[in-house]
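If you read the sequences in order, they're chains A and B.
Heads up: the first sequence begins at 277 in the numbering used here, then just goes up one per residue.
Heads up: the second sequence begins at 154 in the numbering used here, then just goes up one per residue.
No residue lacks a Cβ here, since even glycine has one placed at the ideal position from N, Cα and C.
As C-alpha cells, the structure follows; a few thoughts come after it.
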Amino acid sequence: MVNYIVSSLTVGVIVGILTLGLNVSWGWVGQLDLAFYGIVAIGAYIGGVMELPSSRNSGGSTWILGLSLPFPIALIGGMAASALAALALGSVALRRLRGDYFAITTVAFALILTAFLTQQQSIFNGFEGLYGLQQPFEGVLKLSQSNYQWFFLGLCIVLLGATYWVLQLLYVSPFGRTLRAIREDETAAAAFGRNAYAQKLKAYVVGGTCAGMGGVLLASYVGAWNPSGWAAIETFLLYTAIFLGGQGNSRGVLLGTLIALVLIPEITRWLPEIPGHPDLFPAIRNMVDGALIIGVLWFRPRGLVPERQPKDREIEQREGQLPALTTAASQ
Amino acid sequence: MMVSPLLEVVGLRKNFGGVQAVDELNLIVAPGELVGLIGPNGAGKSTALDLISGFRRCTGGTIRFAGNEIQDWPAYRVSDSGLMRTFQSPREWARLTVMENMLIAAKGSGHIGALKSLFSRREIAEFERRGRDEARAFLRRFELFQVRDEFAGNLSGGQKRLLEFARISMAKPRMVLLDEPLAGVNPVLQEKILEAILDLNRDGVTVLLIEHNLSWVEKACARVVVMALGRDIATGTMGEHRADRAVIDAYLGEVAAK
Chain A
277 MVNYIVSSLT VGVIVGILTL GLNVSWGWVG QLDLAFYGIV AIGAYIGGVM
327 ELPSSRNSGG STWILGLSLP FPIALIGGMA ASALAALALG SVALRRLRGD
377 YFAITTVAFA LILTAFLTQQ QSIFNGFEGL YGLQQPFEGV LKLSQSNYQW
427 FFLGLCIVLL GATYWVLQLL YVSPFGRTLR AIREDETAAA AFGRNAYAQK
477 LKAYVVGGTC AGMGGVLLAS YVGAWNPSGW AAIETFLLYT AIFLGGQGNS
527 RGVLLGTLIA LVLIPEITRW LPEIPGHPDL FPAIRNMVDG ALIIGVLWFR
577 PRGLVPERQP KDREIEQREG QLPALTTAAS Q
Chain B
154 MMVSPLLEVV GLRKNFGGVQ AVDELNLIVA PGELVGLIGP NGAGKSTALD
204 LISGFRRCTG GTIRFAGNEI QDWPAYRVSD SGLMRTFQSP REWARLTVME
254 NMLIAAKGSG HIGALKSLFS RREIAEFERR GRDEARAFLR RFELFQVRDE
304 FAGNLSGGQK RLLEFARISM AKPRMVLLDE PLAGVNPVLQ EKILEAILDL
354 NRDGVTVLLI EHNLSWVEKA CARVVVMALG RDIATGTMGE HRADRAVIDA
404 YLGEVAAK
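Written out as C-alpha cells, the structure reads:
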C-alpha cells in the first residue's frame with residue numbers, strides 16, 4: 277500500500293513538472309499548445325536512447341544512438357532535445373501572429389509525429405518503443421526496491437522544486453512580464469518595443485525544456501516509452517489540471533495536478549467494481565474531469581488559485597526594511 | 154537656420170485594394186515640435202499613423218526617422234528606436250497590475266531575456282528598483298498611485314487614458330504619435346491630458362497628434378497639418394487654416410471657420 281502511494285505520488289510529481297511547463301505557453305503567453313506531449317515524447321526518446329546500450333544485440337528491436345550514458349547526461353540530453361524540438365516547431369507555428377494558427381499547427385505536428393514514430397521502426401523501435409531502461413542511479417546506490425522508490429520520489433521532488441523555483445523567478449522578471457503583456461495585448465506590446473514572435477518562441481523553448489525533463493523522468497520511472505504513452509489525451513489531461521488549479525499560477529497549477537491527475541484517478545480506482553461493467557469507472561473518471569473543467573470555468577473562471585502578481589505595496593515595504601536593496605534577491 | 158527634421162515623410166502611399174487611403178503624403182516634423190494633424194473622417198490620418206509607426210506596410214514612399222529609413226521596419230523596431238504611439242482607445246494590459254504596466258514601458262526592459270533574468274539577478278534587481286521608483290513618481294503625478302496594485306483592466310476609462318500617458322512618460326520616447334487622445338474623454342480630463350502632453354513636450358518629446366476637437370488642438374499645437382483625401386493640403390496655425398479656402402472646403406466648413 278505504501279509502495280502504491282509512493283508510486284502514484286512519483287508520477288504526480290513528474291506530471292507536475294509537465295503541467296508547470298505547459299503553463300508557460302498557455303498560462304503566461306496564452307498560446308494553446310496541443311503538441312505538448314509530442315515534445316515530452318521527444319525528450320523521453322532521446323534520453324532513453326542515450327541511456328540504453330546499442331540495439332545491435334537486442335534481438336530485433338532497433339533504435340538510434342544507444343550510448344549507454346549515465347542518467348544525468350541523458351536527462352540533460354533529453355531536455356536539450358525537447359528544447360530544440362520546441363524551437364523548431366515554434367519557429368514555424370508562431371510565425372503567424374494569430375493564436376489559432378499556432379494551435380492548429382501544433383495539432384498537425386503531434387499527429388505527424390505519432391504516425392511517423394509509430395511506423396518508423398529504425399529510430400525509436402516504432403510501435404513497440406523503447407524498453408529495458410535502467411532506473412537512474414540504481415546500480416550505484418544498490419538500495420532495496422522500496423527504498424529505491426523513496427529515493428526516486430525524492431529525486432523527482434528536487435527536480436520539481438528546481439523547476440518551480442526557476443519558473444517563479446522568470447514569472448516575476450521583466451521577461452515573464454513581457455510574456456504576460458503579449459498575452460494581454462500583443463499590439464500594445466509591439467508599441468512598446470516587444471518582438472512578440474521572438475518572445476513567444478523563447479517562452480515555448482522554456483516550456484519545452486520542462487517537457488524534456490518530465491519526459492526523461494517518466495520514461496526512466498516506467499522503464500519504457502512507446503507511442504501509446506503519449507497519446508493526444510495526455511495533453512488534454514494536463515490542461516484539466518491547469519484550468520482547475522489556475523492558469524498562469526504555478527502554485528495553482530500544482531494543486532490542480534494533485535487534484536485532477538493524482539486524487540481523482542486514484543479515488544475512482546478504489547470505487548467497487550460493478551460486475552459486467554468494467555469500463556464504467558474509467559468512463560466516470562473522464563466525466564468527472566469534464567465536469568470539473570466546466571464547473572471551474574463556470575464558478576471560478578480563473579481557477580482555484582487565480583494568478584497573483586507581485587504587489588508593489590509589499591515590495592515597497594520590503595525595500596523600506598532592507599538596508600541594501602539586493603540582499604534578498606542575491607542569495 | 155534649418156534644423157534637420159526628426160521625422161520626414163515623403164510621397165507616402167497606401168492603398169487597400171482600389172481605395173487609395175494615403176496618397177502622396179508629405180510631412181516634416183522638427184525635433185521638439187508639437188504638431189497637430191487634422192482632417193475629415195477618411196482623410197487617411199490614422200492610416201498614416203499606422204504606416205509611420207510600422208503597424209502597416211506602405212505601398213510606396215519613404216519615412217525617415219532620426220536619420221534612418223524606417224518604412225520597412227516592424228512596429229517593435231520602430232518603437233525601440235524611440236518613435237512610439239498610442240491608440241484611439243487605450244490599450245492597457247488588462248490582467249497586469251497598473252505598476253506592471255508601467256514597468257513594461259521602462260526603457261530597456263524589453264531587452265532583458267530569460268537567461269539574463271536568471272543569471273544577472275543583482276543587476277536586474279537594481280534595474281527594477283530604479284524602474285519602480287520612477288514609476289511610482291509618474292503614478293503619483295497621474296493620480297494612479299493608489300490603484301497601482303489593481304489590474305489595469307479594472308480602471309475607469311479616464312484612468313486608463315491617464316495610464317496611457319503615464320506609460321508613455323515612463324518610456325521617454327524621442328517622439329510620440331497620439332491617435333485621438335481625447336476620444337471618449339470628459340472636459341475635466343481633457344485639461345489634464347492637455348497638461349500631460351505639454352509636459353511631455355517640455356521634457357523634449359516631439360509630438361504629432363491626431364484630434365477632432367479643434368479648439369483643443371488650437372490650444373495644444375502651434376502648427377497644424379491638414380489632411381484630405383490621403384494627402385496634406387495645408388500646414389500652418391489654426392488661425393491661418395480658418396482663413397484658408399481649401400481647408401474650409403475640405404474640412405472646417407463655413408460655420409467652424411468663423
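Rounded to the nearest whole angstrom, the C-alpha separation of M237 (chain B) and T200 (chain B) is 15 Å. Using a C-beta cut-off of 8 Å, the segment 239-257 of chain B makes contact with the segment 319-330 of chain B, since at least three inter-stretch Cβ pairs fall below that distance. In this structure, the alpha-carbon of T388 (chain B) lies about 56 Å from that of G579 (chain A). For Q173 (chain B), the secondary structure class from DSSP, reduced to helix, strand or coil, is strand. Note on geometry: alpha-carbon atoms of I550 (chain A) and V282 (chain A) lie some 27 Å from one another. The three-state secondary structure of F557 (chain A), taken from DSSP, is helix.
Nearest CB-CB separation between T200 (chain B) and chain A: not below the 8 Å threshold.
The beta carbon of G207 (chain B) sits closer than 6 Å to those of W226, P227, A228 and V231, all from its chain and outside the five residues before and after it, given in chain order.
Counting C-beta atoms within 10 angstroms of its own C-beta, D555 (chain A) has fewer than 16 neighbours from the protein chains shown and is therefore classed as exposed.
Counting of Cβ neighbours within 10 angstroms places E344 (chain B) among the exposed residues, the total staying below 16.
Approximately 13 Å separates the beta-carbon atoms of L315 (chain B) and L335 (chain B); this is outside 8 Å, ruling out the contact.
In the DSSP assignment, R395 (chain B) forms no beta bridge with any residue. The beta carbon of A464 (chain A) sits closer than 8 Å to some beta carbon of chain B. Taken in chain order, the whole alpha helix (DSSP H) runs of length 4 or more contained in the segment 317-355 of chain B are 340-355. Put simply, the backbone Cα of I386 (chain B) is about 28 Å away from that of G357 (chain B). Counting along the chain, F400 (chain A) sits inside the alpha helix (DSSP H) bounded by residues Q397 to F400. For Q475 (chain A), the closest of B:H394, B:D402, B:L268 and B:L308 by C-alpha to C-alpha distance is B:L268. The Cβ of L159 (chain B) sits no closer than 8 Å to any Cβ of chain A. Taking a C-beta cut-off of 9 Å against chain B, the contacting residues of the segment 476-488 of chain A are K478, A479, V481 and V482, listed in chain order. Look at the segment 320-391 of chain A and you find these whole runs of alpha helix (DSSP H), each 4 residues long or longer: 347-369. A:G405 is the residue among A:N279, A:G405 and A:A386 whose C-alpha sits nearest the C-alpha of I340 (chain A). Put simply, the CB of A267 (chain B) is near chain A, with a gap under 8 Å to one of its CB atoms. Taken in chain order, the complete alpha helix (DSSP H) segments of 4 or more residues contained in the segment 463-530 of chain A are 472-498 and 508-521.
Going by beta carbons, G524 (chain A) and G532 (chain A) fall outside the 8 Å limit. Put simply, of B:V379, B:K167, B:I363 and B:G306 the residue whose alpha carbon is nearest the alpha carbon of Q224 (chain B) is B:K167. Note on geometry: alpha-carbon atoms of L409 (chain A) and A359 (chain A) lie some 22 Å from one another. Of all alpha-carbon atoms in A:V383, A:V278 and A:A559, the one lying nearest the alpha-carbon of I315 (chain A) is that of A:V383. Taking the Cα positions, R217 (chain B) is about 11 Å away from N179 (chain B). By the rule that beta-carbons nearer than 8 Å mark a contact, Q585 (chain A) touches chain B.
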